[in-house]
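Student: With the first letter of the sequence shown counted as 1, position 381 gets the number 383 in the numbering used here; the numbers rise by one all the way through.
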Amino acid sequence: MAKVWSKRFDNTLNPFIEKFNASIGFDSKLILEDLDCSIAHAKMLGKTKVLSSSETSKIINGLEKIKVEYLRGKFSPSPPSEDIHYCIEEKLISLIGETGKKLHTGRSRNDQVGTDLRLWLRKEIDNLDILLIDLQKSFLILAESNIYTLIPGYTHMQRAQPLSLAHHLLAYLEMFQRDRERFKEVRSRVNTSPLGAAALAGTKIKIDRKFTAKELGFEKIYKNSIDAVSDRDFCIEFVSASALAMSHLSKISEEIILWVTDEFSFAKLTDKCATGSSLMPQKKNPDVPELIRGKTGRVYGHLQSLLTMVKGVPLAYNKDFQEDKEPIFDTVQTISSSIKAMTILINEGIEFNIKNLSDSVENDFSNATDLADYLVGKDVPFRTAYQVVGEIVRFCIERNMLLKDLTIDEFKKFHLEFDEVVIENLEPFNVVKSRISKGGTGFSQVEKEINNWQKKLLI
Ligand code: ARG
């Protein structure tokens, strides 16, 4: 097929370079957006009388026909077209003849590709929000039934203080909420129309940028034509928000992987989400969270690619930008599938071992802070109380005992303010119950938060 620029050139492209230059292998994903963009552009040219009304309807009908053919599986964009934009233009010309050659009036592939990609990404961001809500719901449902399930809380991966399992799960709901907020913010910048910036300078053809923006559902238009065709911030912002969301998925994945080890035994995987080993018959592997943890690296990599792609690229459009698509497409695919897999894992793939969880919090020193706080309640300065409890812990460790094994007389040897009540205070259930500060793990606080989430997520 002759290139549109063939009249300007003496020779044809080297076949390897032709392939090297092409993006049709991956940008055909943008076909529906490219068609919508062209339909809006043609309508606008009709409205401004650049095209006659018969030319306009011929072009629009042609584009609609291509859409139907594509949706019915009768047309698939492919080489030798260089990219999806040329592909559609070529197809239109082959369908409707000479009039098709008028479609590209007053625009460039530079503003066209930016428009297509934004339309595609806007739709995907909306899908991601739905997936994230489902994920939040799965965590909330699990939290609802585990308000009174205790789990050791860690800092530095050392036992710190016992927690309500629901409180631990709700921490992830907060992270996913911030992810949703970030995507929403990115969406508003994605939702800005570059169409009509043409190659870089605007055009003398009579166009109406606000009209095409409205047709395509954009909130606003780029104010500067050079910026419009060279801005790829929205790609980087999107992948950056995705990288953070993946880090949250990777964090819970890592926790699940630990929880299901023989060493922790806080939970086990159901057969729906676990896989066997090809060699060791006893094994049940956490492939799902491991894959999510592994895929996080891909998204971080895409962020790095995009940041490097824009670095040092002078204004305005440069072919480097063709490299924006694969990282964006793969990020969307990776994060969507990871969110879905995690939702399934939380819904039906994991069962907590309540007995082991409660045994764990019974048998450690994670109530030591409460012992100190008890003395603080008796007006002992915290630093003094902390040191007294340090001595008690050491005393216990040397004798292979826990705090709950001490008698009240033994407690009194360390500080006279200790009395009977202290024993009760050391019960992990009471320890958790007492953390009633706002945002704390106290059951009353957790119940309130569950309530708030139910309202927010409408369940
Ligand atoms: N395939 C190109 C891309 O993805 C389309 C824009 C090409 N523009 C140009 N001036 N060569 O970026």
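All residues carry an ideal CB built from backbone N, CA and C; glycine is no exception.
On the criterion of 16 or more Cβ atoms from any shown chain inside 10 Å, does L134 qualify as buried, or is it exposed?
Tutor: buried
Student: Excluding the 5 residues flanking K285 on each side, which residues of the same chain have their C-beta closer than 8 Å to its C-beta?
Tutor: G278 and S279, listed in sequence order.
Student: How many angstroms separate the CA atom of I254 from the CA atom of A168?
Tutor: 14 Å
Student: Spatial neighbours of G379 within its chain, please: CB distance less than 8 Å, with the 5 preceding and 5 following residues excluded, ordered by chain position.
Tutor: none
Student: Take the Cβ of T157 as the centre, count every other Cβ of all protein chains shown within 10 Å, and call the residue buried at 16 or more, exposed below.
Tutor: exposed
Student: Check for me: the alpha helix (DSSP H) holding F178 runs from which residue to which?
Tutor: L167 to V192
Student: At what residue ranges does the region 263 to 338 contain a whole run of the beta strand (DSSP E), taking only runs of 3 or more?
Tutor: 269 to 271
Student: Considering only heavy atoms of ligand 1, does any lie closer than 8 Å to the CB of V1?
Tutor: One cannot answer for residue 1 here, as it falls past the ends of the chain, which runs 3 to 461.
Student: From this set, D372, I26 and C398, which residue's C-alpha is nearest Y388's C-alpha?
Tutor: D372
Student: Compute every distance between the C-beta of E71 and the non-hydrogen atoms of ligand 1, then say whether any falls below 8 Å.
Tutor: no
Student: With three or more beta-carbon pairs closer than 8 Å as the criterion, would you say the region 287 to 297 touches the region 309 to 318?
Tutor: no
Student: Near V433, which residues of its chain fall below 6 Å by C-beta distance, leaving aside the five closest residues on each side in sequence?
Tutor: P164, N369 and D372
Student: Please name the residue in P316, F323, V188 and L15 whose C-alpha comes closest to that of F236.
Tutor: V188
Student: Assign E84 to one of three DSSP states: helix, strand, or coil.
Tutor: coil
Student: DSSP has R161 in a bridge; who is on the other side?
Tutor: Y156
Student: Between the region 54 to 74 and the region 97 to 110, do three or more beta carbon pairs fall short of 8 Å?
Tutor: yes
Student: Is the separation between the beta-carbon of L94 and that of S40 shorter than 9 Å?
Tutor: yes
Student: Could you check if D233 belongs to the surroundings of ligand 1, using beta carbon to heavy atom distance under 8 Å?
Tutor: Not one heavy atom of ligand 1 is found less than 8 Å from the C-beta of D233.
Student: Please state the DSSP three-state secondary structure of E91.
Tutor: helix
Student: Indicate, with yes or no, if ligand 1 has a heavy atom lying under 8 Å from the CB of K321.
Tutor: Answer for K321: yes, Cβ within range of ligand 1.
Student: By Cβ distance below 6 Å, which residues in the same chain neighbour P291 in space, the five residues on each side in sequence not counted?
Tutor: S255, I258 and I259
Student: Kindly indicate the opening and closing residues of the alpha helix (DSSP H) around E422.
Tutor: No alpha helix (DSSP H) contains E422, which DSSP labels as neither H nor E.
Student: Taking DSSP as the reference, what is the three-state secondary structure of F397?
Tutor: helix
Student: Assuming contact is defined by CB atoms lying nearer than 9 Å, are A276 and G351 in contact in what I supplied?
Tutor: yes
Student: Comparing alpha-carbon positions, which option in M159, W455, I452 and K139 lies nearest F266?
Tutor: M159
Student: In terms of residues, what are the limits of the alpha helix (DSSP H) holding G28?
Tutor: The sequence given here places Phe at residue 28; Gly does not occur at that position. Residues I26 to D29.
Student: Taking the alpha carbon of L130 as the point to measure from, which residue in G108, D181, D264 and E393 has its own alpha carbon closest?
Tutor: D181
Student: Sorry if obvious, but does the Cβ on H87 come closer than 8 Å to a heavy atom of ligand 1?
Tutor: yes
Student: For K9, which three-state DSSP category applies?
Tutor: K9 sits in a helix when the DSSP states are folded into three classes.
Student: Considering only the alpha carbon of each residue, which of F18, E100 and L142 lies closest to K460?
Tutor: Inspection of the sequence shows that residue 460 is occupied by Leu rather than by Lys. Closest option to L460, Cα to Cα, is L142.
Student: Could you work out which residue in I337, V448 and P430 is closest to I132 when comparing CA atoms only?
Tutor: I337
Student: Would you list the residues sitting across from I352 in a DSSP beta bridge?
Tutor: L271
Student: According to DSSP, is I438 part of a helix, a strand, or is it coil?
Tutor: coil
Student: So does D36 have its beta carbon nearer than 8 Å to some heavy atom of ligand 1?
Tutor: no
Student: CB of E217 to nearest heavy atom of ligand 1: below 8 Å?
Tutor: no
Student: For L271, which residues of its own chain have a beta-carbon under 7 Å away from its beta-carbon, when the five flanking residues on both sides are left out?
Tutor: V262, K286, P288, G351 and I352
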